[in-house]
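Read the structure below first, then the notes.
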Amino acid sequence: MKISFLLHNAYAIGGTITTTFNLAGALAERHDVEIVSVLRSRERPPLTLDPRVRLRPLVDLREEQDHPAHREPARVFPAAEGRHREYSRLTDERIAAHLAGTDAEVVIGTRPGLNVHLARQAPDRVLRVGQEHLTWDHHSRRLRTVLRRAYRDLDLITTVTDADARAYRRGTWLPGVRVEALPNSVPDPELPPAGGDSRLIVAAGRLVPMKDYDTLIRAFAHVAAAHPDWRLRIYGRGEERDRLRALIQRLGLSDHAFLMGAAVPMESEWVKASIATASSTFEPFGMTIVEAMRCGLPVVSTDCAHGPREIIQDGVDGRLVPVGDPDAFGAALLDLVRDDERRRTMGKSALANARRYAPEAVVARAERLLAHALAAKRAGRRPPGEPGSGRRRLTAAKQSAHDLAYTAAASAVRTVRGWRR
Amino acid sequence: MNSVIRVTCVADADGRLTFGLPLPAPDSAHLLLKARPRKGVPDPAARRLQLEDAGDGRALAVLEPLPVLEEGRWDAFLVREPDAEPQQLTSGPLDLRVLVDGARADRPSPVAVRIPYRALDGFLAVRAWLRPAHAEAGPIEVGDKATAVTARLHGTELGEDAVVRLRGRRSREERTVSPSVDADGRGFRFTVDHADLTGGGVRYWDVHVLPTPDAAPVRVGRVLDDVADRKHSFVYAAAPHGSRLVRPYYTVDNDLSFEVTDPG
Numbered sequence: 001m002k003i004s005f006l007l008h009n010a011y012a013i014g015g016t017i018t019t020t021f022n023l024a025g026a027l028a029e030r031h032d033v034e035i036v037s038v039l040r041s042r043e044r045p046p047l048t049l050d051p052r053v054r055l056r057p058l059v060d061l062r063e064e065q066d067h068p069a070h071r072e073p074a075r076v077f078p079a080a081e082g083r084h085r086e087y088s089r090l091t092d093e094r095i096a097a098h099l100a101g102t103d104a105e106v107v108i109g110t111r112p113g114l115n116v117h118l119a120r121q122a123p124d125r126v127l128r129v130g131q132e133h134l135t136w137d138h139h140s141r142r143l144r145t146v147l148r149r150a151y152r153d154l155d156l157i158t159t160v161t162d163a164d165a166r167a168y169r170r171g172t173w174l175p176g177v178r179v180e181a182l183p184n185s186v187p188d189p190e191l192p193p194a195g196g197d198s199r200l201i202v203a204a205g206r207l208v209p210m211k212d213y214d215t216l217i218r219a220f221a222h223v224a225a226a227h228p229d230w231r232l233r234i235y236g237r238g239e240e241r242d243r244l245r246a247l248i249q250r251l252g253l254s255d256h257a258f259l260m261g262a263a264v265p266m267e268s269e270w271v272k273a274s275i276a277t278a279s280s281t282f283e284p285f286g287m288t289i290v291e292a293m294r295c296g297l298p299v300v301s302t303d304c305a306h307g308p309r310e311i312i313q314d315g316v317d318g319r320l321v322p323v324g325d326p327d328a329f330g331a332a333l334l335d336l337v338r339d340d341e342r343r344r345t346m347g348k349s350a351l352a353n354a355r356r357y358a359p360e361a362v363v364a365r366a367e368r369l370l371a372h373a374l375a376a377k378r379a380g381r382r383p384p385g386e387p388g389s390g391r392r393r394l395t396a397a398k399q400s401a402h403d404l405a406y407t408a409a410a411s412a413v414r415t416v417r418g419w420r421r
Numbered sequence: 001m002n003s004v005i006r007v008t009c010v011a012d013a014d015g016r017l018t019f020g021l022p023l024p025a026p027d028s029a030h031l032l033l034k035a036r037p038r039k040g041v042p043d044p045a046a047r048r049l050q051l052e053d054a055g056d057g058r059a060l061a062v063l064e065p066l067p068v069l070e071e072g073r074w075d076a077f078l079v080r081e082p083d084a085e086p087q088q089l090t091s092g093p094l095d096l097r098v099l100v101d102g103a104r105a106d107r108p109s110p111v112a113v114r115i116p117y118r119a120l121d122g123f124l125a126v127r128a129w130l131r132p133a134h135a136e137a138g139p140i141e142v143g144d145k146a147t148a149v150t151a152r153l154h155g156t157e158l159g160e161d162a163v164v165r166l167r168g169r170r171s172r173e174e175r176t177v178s179p180s181v182d183a184d185g186r187g188f189r190f191t192v193d194h195a196d197l198t199g200g201g202v203r204y205w206d207v208h209v210l211p212t213p214d215a216a217p218v219r220v221g222r223v224l225d226d227v228a229d230r231k232h233s234f235v236y237a238a239a240p241h242g243s244r245l246v247r248p249y250y251t252v253d254n255d256l257s258f259e260v261t262d263p264g
């Protein structure tokens, strides 16, 4: 297959870029794969891309920042999308030209605005795949309204969790569009797994409110009080650093809990630890949980939507505790701190269970999903029961009726809410 | 232009470092460790390490515990042929797990430490310390009026009359305090009154211990684990004293000092 990814900016650092590079690289083993980056902000991508994957930018910001068409607002890229201001008439045109002329059999969008481009501009001969790297519930009401309409012209939507796939099926009416979970993959670690003997707990992620490191630090205070030879290291940078450091000092943990700054690759740090943690209030997937498990660590995580509970089997390869509850989190940590045997056993289970996120496992699932969707599209089973050429007009009529009804309902809800306030 | 070469590094408990390069046939290639040039040192030291085929597509180079590395930062390069231009190596995963608890064992003199790390530019470097003796700082408790430091001496022993000396940087001012010394002559603990540091115009105070009053001063620092740069991660609270703030901190060389500042 010839597969073409459409990415916001491959020349930056972020979770979507990492996971797109991982998937593209793994697919390149058997397929012809390219990544088309709408924007280019520097000479080279800072993250490592498999040399078999071709990378091509559409708008080079270093030269075209002042292009007249780049100063006019985008019309195809939806205004309700978070990155709308970075898009323009220029990106609308370049993406349209790229999609019209593509010789790929499969195009894959990697964020809602780009999925809308695929739905509206990719030719019918191409399999149009929209990837959701956040979650349906995370989007604004305005954006969801846009997506409900546009996504009907996709062939396949992939979410990173089953829970989010269910949320999509519940929250949308997309006849003939398959919605399936395709988790992120984590490359095979290069270092031998953690031994489980150290007295070190490690967490990683940006220092932002969503990660709720307050809860982790307060939970760890229970551990430090009972077992003063244990340490906590938090890797990552972010706006919360000074506030978290003040909390550490206030709790008297300056020699026990440390904000270490960023570490690349995290693998070097995971293997030193014997327990990993994730304390988020919301986690669309939970990449660091999988990374830590692939290094042989049991993970104590909050049971937040959506990722952790699909990755961790509570009591087998980690623990799930209520969100924002330092006492429960601390008790779960203490259980593992006090029981060397259990910690090591859970670490071994984590290592085995996380293999389902190895690139070859995830890419095999991606290939199956793409092959099924392609076969269904070629057989004209879209929408089901209406084979052949007339489908677009028919569905278009159905769609607009549905949209009208939906818009009316949505505005009624808005009115009622506004009235109550 | 040459492509990026990622090197891995494994540290073992007795100080040996094993570097791994994705180089199936090392032939006459070798790994070069070059001391980073410092002011007043015209000809930086270098170590050449033989690369050997590991049989799995990698080539390995071993830096044995002896001879010790001079103190400083060392950068890693690949030299493909005897006269080829050295190519700097990018840091891949580092396996430093055995270093984490390195402060638990007593070290003989000279105290030689090596911590591989990924420099800010992504290249692999090795941070080395080499001192006749070393005082490893442990817990530091910042109180309202004083800061208490627990430490352990490596490479020599403390007498009953040991002295902790704080020396004003770029100043002749000194303060001394008497530590309480453990029975083993290694562990010690001392308390610094903030009032002693805030009187004059000294901003930075460097902490040393003199095992006996006429012995050479031994710098107090924290280098016996896996953390190559702790200035920004091992951070302590600042205690207000009058209109000034007193704060213990680790320098860029992981040595312990106190800083006195005027807030605002």
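In order, the protein sequence lines correspond to chains A and B.
Note that full-length UniProt numbering has the first sequence beginning at 1, numbered continuously upward.
Note that full-length UniProt numbering has the second sequence beginning at 1, numbered continuously upward.
Positions of the beta carbon are idealized from the N, C-alpha and C atoms, including for glycine.
Because the structure is a prediction, the values reported are computed rather than measured.
State yes or no: is the beta carbon of Pro22/B nearer than 8 Å to at least one beta carbon in chain A?
Working through the second sequence from its first residue, we reach residue 22/B at position 22. Not one chain A Cβ lies under 8 Å of Pro22/B.
Which one or two residues does DSSP pair with Thr48/A in a beta bridge?
By one-based count along the first sequence, residue 48/A stands at place 48. Bridge partners of Thr48/A: none, in fact.
Applying the criterion that 16 or more other CB atoms from any shown protein chain within 10 Å of the CB defines a buried residue, is Gly347/A buried or exposed?
Here residue 347/A corresponds to residue number 347 of the first sequence, with the count starting at 1. Under this definition Gly347/A is a buried residue.
Does the Cβ of Arg94/A have 16 or more other Cβ atoms within 10 Å, making it buried, or fewer, making it exposed?
Counted from its first residue, the first sequence places residue 94/A at position 94. So Arg94/A counts as buried.
Answer with buried or exposed for Arg127/B, where buried requires no fewer than 16 other C-beta atoms within 10 angstroms of its C-beta.
Numbered from 1 along the second sequence, position 127 holds the residue referred to as residue 127/B. Arg127/B should be labelled buried.
Using three-state DSSP, classify Phe330/A as helix, strand or coil.
The residue you call residue 330/A lines up with position 330 of the first sequence. Residue identity check: residue 330/A is Gly in the sequence provided, not Phe. Helix.
For Arg259/B, I'd like the list of residues in its chain whose CB is within less than 7 Å of its CB, leaving aside the five on either flank, ordered along the chain.
Position 259 of the second sequence, counting from 1, holds the residue named residue 259/B. The residue asked about is misnamed: residue 259/B is Glu in this sequence, not Arg. These residues qualify, in order along the chain: Arg203, Tyr204, Arg247 and Tyr249.
Starting from the C-beta of Leu96/B, find all residues in its chain whose C-beta is less than 6 Å away, skip the five residues before and the five after it, and write them out in chain order.
To locate residue 96/B, count along the second sequence from 1; it is residue 96. Counting only Cβ-Cβ distances below 6 Å, and skipping sequence neighbours, we find Ala11 and Asp226.
What residue does the beta strand (DSSP E) around Pro183/A start on, and which one ends it?
Translated into positions along the first sequence, residue 183/A becomes position 183. Here Pro183/A belongs to no beta strand (DSSP E), and DSSP marks it neither H nor E.
Which word fits Lys39/B, buried or exposed, when buried means at least 16 other C-beta atoms lie within 10 angstroms of its C-beta?
Locating residue 39/B in the second sequence gives position 39, where the first residue counts as 1. Burial call: exposed.
Classify Thr212/B as helix, strand or coil using the three-state DSSP reduction.
The residue labelled residue 212/B in the question sits at position 212 within the second sequence. Coil at Thr212/B, not helix or strand.
Just to confirm, are Leu49/A and Leu58/A a CB contact at a threshold of 8 Å?
What you label residue 49/A is simply residue 49 of the first sequence in a count that begins at 1. What you label residue 58/A is simply residue 58 of the first sequence in a count that begins at 1. Not closer than 8 Å, so no.
So, for Gly138/B: in the same chain, excluding its five sequence neighbours on each side, which residues have a beta-carbon less than 7 Å away from its beta-carbon?
Residue mapping note: residue 138/B aligns to position 138 of the second sequence, counting from 1. Counting only Cβ-Cβ distances below 7 Å, and skipping sequence neighbours, we find Thr150, Ala151 and Arg152.
Closest to Asp161/B by CA distance: which of Pro67/B, Arg167/B and Ser178/B is it?
As a working note, residue 161/B is residue 161 in the second sequence. Comparing Cα-Cα distances from Asp161/B to each of Pro67/B, Arg167/B and Ser178/B, the minimum goes to Ser178/B.
Mind checking whether Gly261/A and Ile289/A have CB atoms under 8 Å apart?
In the first sequence, residue 261/A corresponds to position 261, counting from 1. In the first sequence, residue 289/A corresponds to position 289, counting from 1. Going by C-beta atoms, Gly261/A is not nearer than 8 Å to Ile289/A.
Would Arg392/A be called buried (16 or more neighbouring beta carbons within 10 Å of its own) or exposed?
Start at 1 with the first residue of the first sequence, and residue 392/A comes out as number 392. Residue confidence is low: Arg392/A scores 43 on pLDDT, short of 50, so the model does not pin down where it sits. Its coordinate-derived value is still stated next. Exposed: under 16 other Cβ atoms inside 10 Å.
Return the residues of the stretch 10-41 of chain B that lie within a Cβ-Cβ distance of less than 8 Å from chain A, sorted by chain order.
Those residues of the stretch 10-41 of chain B that come within reach of chain A (Cβ to Cβ, closer than 8 Å) do not exist; the list is empty.
Note down, in chain order, all residues in the stretch 163-188 of chain A with a beta-carbon under 7 Å from any beta-carbon belonging to chain B.
Those residues of the stretch 163-188 of chain A that come within reach of chain B (Cβ to Cβ, closer than 7 Å) do not exist; the list is empty.
Give me, in chain order, the residues of the same chain whose beta-carbon lies closer than 7 Å to that of Glu81/A; leave out the 5 immediate sequence neighbours on both sides.
Sequence index remark: in the first sequence, residue 81/A carries index 81 (1-based). The residues are Pro112, Gly113 and Leu143.
Please check if any C-beta of chain A sits within less than 8 Å of the C-beta of Tyr250/B.
Taking the second sequence and counting its residues from 1, one reaches residue 250/B at position 250. So no, Tyr250/B is outside the interface.
May I have the straight-line CA-CA distance separating Glu283/A from Asn353/A, to the nearest angstrom?
For the purposes of this step, residue 283/A is identified with residue 283 of the first sequence, where counting begins at 1. For the purposes of this step, residue 353/A is identified with residue 353 of the first sequence, where counting begins at 1. Their Cα atoms are separated by approximately 20 Å.
When we look at the beta-carbon of Val316/A and count the other beta-carbons within 10 Å, is it buried (16 or more) or exposed?
The residue labelled residue 316/A in the question sits at position 316 within the first sequence. Result: exposed.
Can you give, in chain order, each stretch of the beta strand (DSSP E) that sits fully within the stretch 281-306 of chain A and has at least 3 residues?
The stretch 281-306 of chain A contains these whole beta strand (DSSP E) runs: 299-302.
Determine the contact status of Leu336/A and Ile275/A, defining contact as a CB-CB distance below 8 Å.
On the first sequence, residue 336/A is found 336 positions in, with the first residue counted as 1. On the first sequence, residue 275/A is found 275 positions in, with the first residue counted as 1. The answer is yes: Cβ separation under 8 Å.
Run through chain A and tell me which residues come within less than 8 Å of Arg97/B, C-beta to C-beta.
In the second sequence, residue 97/B corresponds to position 97, counting from 1. Going along chain A in sequence order, the residues near Arg97/B (Cβ under 8 Å) are Ala194, Gly195, Ser198, Val271 and Lys272.
Taking the DSSP output, what are the residues bridged to Tyr204/B?
Translated into the one-based positions of the second sequence, residue 204/B becomes position 204. Glu259/B, per the DSSP bridge assignment.
Kindly list, in the order they appear in chain A, the residues whose Cβ is closer than 7 Å to that of Phe234/B.
As a working note, residue 234/B is residue 234 in the second sequence. Phe258, listed in chain order.
In its own chain, which residues sit with a C-beta less than 6 Å from the C-beta of Leu374/A, not counting the 5 before and 5 after it?
If you number the first sequence from 1, residue 374/A lands on position 374. Within the same chain, Leu374/A has close Cβ partners Leu127.
For Asn52/A, would you say it is in contact with chain B, using Cβ-to-Cβ distances shorter than 8 Å as the test?
Residue 52/A sits at position 52 when you count from the first residue of the first sequence. A small fix is needed here, since residue 52/A is Arg in this sequence, not Asn. False, the Cβ-Cβ gap to chain B never drops below 8 Å.
In terms of alpha-carbon separation, which member of Ile17/A, Asp339/A, Glu43/A and Phe5/A lies closest to His31/A?
Along the first sequence, one-based indexing puts residue 31/A at 31. Minimum Cα distance to His31/A is reached at Phe5/A.
If the cut-off is 7 Å on Cβ atoms, which residues from the UniProt domain "Glycosyl transferase family 1" (196-350) of chain A count as contacting chain B, listed in chain order?
Listed in sequence order: Ser198, Leu200, Arg245, Gln249, Ser254, Asp255, Phe258, Leu259, Met260, Gly261, Val264, Pro265, Glu267, Ser268, Val271 and Lys272.
Between the alpha carbons of Pro263/B and Pro322/A, how many angstroms are there, rounded?
Start at 1 with the first residue of the second sequence, and residue 263/B comes out as number 263. Start at 1 with the first residue of the first sequence, and residue 322/A comes out as number 322. One C-alpha to the other measures close to 41 Å.
Only counting the same chain, and skipping five residues up and downstream in sequence, which positions put a Cβ closer than 6 Å to that of Ala238/B?
The sequence position of residue 238/B within the second sequence is 238, counting from 1. So the qualifying residues of the chain are Leu245 and Arg247.
Determine, using beta carbons only, whether Phe123/B and Gln88/B come nearer to each other than 8 Å.
Along the second sequence, read from residue 1 onward, the residue named residue 123/B stands at position 123. Along the second sequence, read from residue 1 onward, the residue named residue 88/B stands at position 88. Against a cut-off of 8 Å, the Cβ pair of Gln88/B and Phe123/B comes out as a contact.
Note down the Cα distance separating Ala28/A from Ser268/A, rounded to an integer number of angstroms.
Stepping through the first sequence from its first residue, residue 28/A is reached at position 28. Stepping through the first sequence from its first residue, residue 268/A is reached at position 268. Each residue's alpha carbon lies about 27 Å from the other.
Which chain A residues are close to Asp75/B, counting only those with a beta carbon under 9 Å from its beta carbon?
Reading the second sequence from its first residue, position 75 is the one you call residue 75/B. The contacting residues do not exist; Asp75/B stays about 18 Å from chain A at best.
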